Structures are given as C-alpha cells and as structure tokens.
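Colleague:
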Amino acid sequence: MPNNLIFNGTASDLKTQMYAYNSSTNKAEALTISGGNLAVAGTVTVGNTVAVTVGTVTVAGTVSVGNTVTVEGTVSVGNTVAVTVGTVTVAGTVSVGNTVTVEGTVSVGNTVAVTVGTVTVAGTVSVGNTVTVEGTVSVGNTVAVTVGTVTVAGTVSVGNTVTVEGTVSVGNTVAVTVGTVTVAGTVSSVTTGVGFTATSTAITTGTGIKSVLQQDTSQQSMYSYYIKNNDAANAITVVLQVSPTDTDSYFVNDVSPVTLEKGSATVLTTKYYMNYTRLYYDTGTNTANLEAYFNGRV
Numbered sequence: 644m645p646n647n648l649i650f651n652g653t654a655s656d657l658k659t660q661m662y663a664y665n666s667s668t669n670k671a672e673a674l675t676i677s678g679g680n681l682a683v684a685g686t687v688t689v690g691n692t693v694a695v696t697v698g699t700v701t702v703a704g705t706v707s708v709g710n711t712v713t714v715e716g717t718v719s720v721g722n723t724v725a726v727t728v729g730t731v732t733v734a735g736t737v738s739v740g741n742t743v744t745v746e747g748t749v750s751v752g753n754t755v756a757v758t759v760g761t762v763t764v765a766g767t768v769s770v771g772n773t774v775t776v777e778g779t780v781s782v783g784n785t786v787a788v789t790v791g792t793v794t795v796a797g798t799v800s801v802g803n804t805v806t807v808e809g810t811v812s813v814g815n816t817v818a819v820t821v822g823t824v825t826v827a828g829t830v831s832s833v834t835t836g837v838g839f840t841a842t843s844t845a846i847t848t849g850t851g852i853k854s855v856l857q858q859d860t861s862q863q864s865m866y867s868y869y870i871k872n873n874d875a876a877n878a879i880t881v882v883l884q885v886s887p888t889d890t891d892s893y894f895v896n897d898v899s900p901v902t903l904e905k906g907s908a909t910v911l912t913t914k915y916y917m918n919y920t921r922l923y924y925d926t927g928t929n930t931a932n933l934e935a936y937f938n939g940r941v
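The sequence shown maps to residues 644 to 941 in my numbering.
1. Can you tell me whether V916 is helix, strand or coil according to DSSP?
2. What residue ranges within the segment 831-869 form continuous beta strand (DSSP E) runs of no fewer than 3 residues, ordered along the chain?
3. What is the rounded straight-line gap between the Cα of A734 and the Cα of T686?
4. Below 8 Å CB to CB, which residues in the same chain sit around P887 once its five sequence neighbours on both sides are set aside?
5. With Y936 as the anchor, note down where its beta strand (DSSP E) starts and where it stops.
6. Which residues mark the beginning and the end of the beta strand (DSSP E) in which A671 is found?
7. Buried or exposed for D889, please, with buried defined as at least 16 other CB atoms from any protein chain shown within 10 angstroms of its CB.
8. Can you tell me which of N896, T779, A875 puts its alpha carbon nearest to the alpha carbon of S881?
9. Please report the distance separating the alpha-carbon of T928 from that of T825.
10. For the candidate residues S800, E777, V799, A827, whose alpha-carbon lies nearest to that of V807?
11. Using 8 Å for Cβ pairs, my map puts S843 next to A935. What's the rounded Cβ distance?
12. Should T775 and T744 be called a contact, given that it needs their Cβ atoms to be closer than 8 Å?
13. Please classify S892: does DSSP put it in a helix, a strand, or coil?
14. Give the DSSP-derived three-state secondary structure of N710 in the structure shown.
15. Where does N665 fall in DSSP's three states?
16. Could you have a look at N722 and say whether DSSP puts it in helix, strand or coil?
17. Between which two residues does the beta strand (DSSP E) harbouring S886 extend?
18. Report yes if the C-beta distance between G939 and T840 is below 8 Å; otherwise report no.
19. Just the C-alpha distance for D874 and T823, rounded to the nearest angstrom, thanks.
20. Can you tell me the Cα-Cα spacing of V855 and L922, whole angstroms?
21. What residue range does the beta strand (DSSP E) around S800 cover?
22. Count the other C-beta atoms from every protein chain shown that fall within 10 angstroms of the C-beta of Y868, then say buried if there are 16 or more, exposed otherwise.
23. One question on the structure: do N665 and T692 come within less than 8 Å of each other, judged by their Cβ atoms?
24. Give a yes or no on whether the C-beta atoms belonging to T850 and T909 are separated by under 8 Å.
25. CB T717 to CB T736, shorter than 8 Å?
26. Can the beta-carbon of T763 be found less than 8 Å from the beta-carbon of N741?
27. Any idea if N872 is buried or exposed, counting beta-carbon neighbours within 10 angstroms, 16 or more meaning buried?
28. Check this for me: beta carbons of Q862 and F937, under 8 Å apart or not?
29. With C-beta atoms as the reference, is V805 less than 8 Å away from V780?
30. Leaving aside the five residues before and after P900 along the sequence, list all residues of the same chain whose C-beta is less than 6 Å from its C-beta, in chain order.
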C-alpha cells in the first residue's frame, strides 16, 4: 500500500501495490500477479462467463456460477455430480470416478460407449446415433425401438416386454422361456428339418368291417399306412378311404380294395388328396388279427 512503511514498523507486514500505464485505457492501473498464488478461502460468486484455457483452478469452498461454464481441457471429478437445472457443455473430456445422476433429459448426438461401470438415468435418454454395449443390459420395463439399430455384443436380459415396430433379423438362436415377444413388423426366419408324426394300433378282436386310424391329413405333405395281417390261416381286405369332412357317411374308397394274405404285409398311399384319411378293413367272419401304422411328414 502507498506510504504503508510510515505507519507500520514491522517488516513482515509490509505490503506494496504497483501501478503501470495502460496505453489502451490511457490510465495507470494496478499490475496483476501471474507468478504467484491467489488463495480464496470463502465463496466465489461469478455473474458471467468463466473460461479456463490453461492451468488448474482449485477451490476449497463453494463456486456459484450464474451463467455458463465452458471447459476446454479435462475435468476430473472424484465424487458425485448432480445436474438438476441448466446445461453443462464440455468440449474436452470428462472423467468421473464415482456416480453421475441425471434427473432431466440426456440428448446424445453421436456414439455412447459404456465398457465398465453403470449409467443410471431417472429421466429420458434420447440417442440420435448408435449405442454400442459391450457388457450386460438389464431392462426392468419396456424397450421400444422405432427407428435405428441396437447392436449388443453381450447379453440382454429383459424382465418385461420388448416391442419391435421394424424388422428383426436373427442370425442365430432366439430362446424365449417365459413371457411374450410381440412383433408388429416382419420376422424373417429359415426353418430346417421336417416334422414327423406316427401312430399305430393292434386289432385282435371282432369280425367283419371296421375303420381305424382316422387322420387329419390336410397338413401332411406325405403319408402312408402300413398294414400287417398276423392271422395264420385267413386273408383280410384293406383299403384307404378319404373324405372332405370327419362325418362317417362322407368317406369313400380311395382306390380298389387290396386282399392281404395270411402273414403278409403291405403299404398303402392315397391317390386323392382330401382333408381326412382312414384305414378300412374287412375280416369277413374271421376274428381280426392285424397291426396298422400311420406315418406322416409335415
């Protein structure tokens, strides 16, 4: 301070203030100390913009900012960052060692990559580009994908409903154990292998005319009947019958009846395609003793 020495005889309490001429303002102004430290123990209130380009700002108390904070370098946060109202714009990198809680809306214009740790959002997350997840995604409610792509290299566990309005292309296996998968768009799939159905009966009682193994063959691409006459002395007559309904009076012989000698077997297939097919047999006055099998392929 000017003339401080006249009123203060203690050397450690000496203070000085230096002025220099500023050609821009045409005034003598106090010099700013750039090589030392300015320590602030209380509160700093900033009413406008704070721009930090080089160096470090360390604050032990509270910083209250009424306008915008622009950070061009790196911000390292060792604890919790809570953003309730306003905007934080960062042009560089933000490294957070603890938890980031967002109560409002997060709009992401590019890529979000989460490799380790957890991102918890209580509001809405709007993503304009791609979200790549290398770990596990657990969803407790509804996931709706309307436009864009969701690529997951790990595991997706969904506890509720997944609604897909577009196209789902699956290159491997999809296993649904509990719950519902609702698709409003298109599901493209390739089925390998064929379906097979078989049924049989053994008849050792009764005489005369009977019919057995009536089948709905409308969904069968190929089918046949195997009949074996187990009688040691008598022949039987067999024929396949077809019908457009399951009413007994509508059945007619597919082809001419076949005589099956004692101890012999045959295979019958239909000439005509109808909704229902059955095996007709006639043992005359002899007791029936035969086996019949139906085999079909879907």
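Note that CB positions come from ideal geometry on N, CA and C, so glycine has one too.
Since this is a predicted model, take the numbers as computed values, not measurements.
Modeller: According to the data block:
1. Here the sequence assigns Tyr to residue 916, which means Val is not the residue at that position. Residue state for Y916 is assigned as coil, using DSSP reduced to three classes.
2. List check, beta strand (DSSP E) in window: 839-846, 852-859.
3. Roughly 26 Å separates the two Cα atoms.
4. Y893, M917, N918, Y919.
5. Here the beta strand (DSSP E) through Y936 covers 933-940.
6. Counting along the chain, the beta strand (DSSP E) containing A671 begins and ends at 670-673.
7. Residue burial is scored here from C-beta neighbours: D889 has fewer than 16 other C-beta atoms within 10 angstroms and is therefore classed as exposed.
8. Correcting the residue type first, residue 881 is Val in the shown sequence and not Ser. Residue N896 is the option with its Cα nearest to V881.
9. Each residue's Cα considered, the two are about 60 Å apart.
10. Measuring from the Cα of V807, the nearest candidate turns out to be A827.
11. Contact flag correct, Cβ pair sits at about 6 Å.
12. The answer is no: Cβ separation not under 8 Å.
13. Of the three classes helix, strand and coil, the one that applies to S892 here is helix, per DSSP.
14. DSSP places N710 in coil when its eight states are reduced to three.
15. Strand, per DSSP.
16. Looking at N722 - three-state DSSP - the assignment turns out to be coil, as it is neither helix nor strand.
17. It spans 879-886 - the beta strand (DSSP E) in which S886 sits, taken as one unbroken run.
18. Contact annotation: G939 and T840 have beta-carbon atoms nearer than 8 Å.
19. If you take the alpha carbons of D874 and T823, they lie about 54 Å apart.
20. Straight-line Cα distance between these residues: approximately 5 Å.
21. Its beta strand (DSSP E) spans residues 798-801.
22. By the 10 Å Cβ count, Y868 comes out buried.
23. Contact flag unset, no.
24. No, these two residues do not count as a Cβ contact at 8 Å.
25. Contact: yes.
26. No, Cβ-Cβ distance for T763 and N741 is not below 8 Å.
27. With 16 or more other Cβ atoms within 10 Å, it is buried.
28. In this structure, the beta-carbon distance from Q862 to F937 does not fall below 8 Å.
29. Taking 8 Å as the Cβ cut-off, V805 and V780 do not qualify as a contacting pair.
30. For P900, where only same-chain residues beyond five positions count, the Cβ hits under 6 Å are T880, V882.
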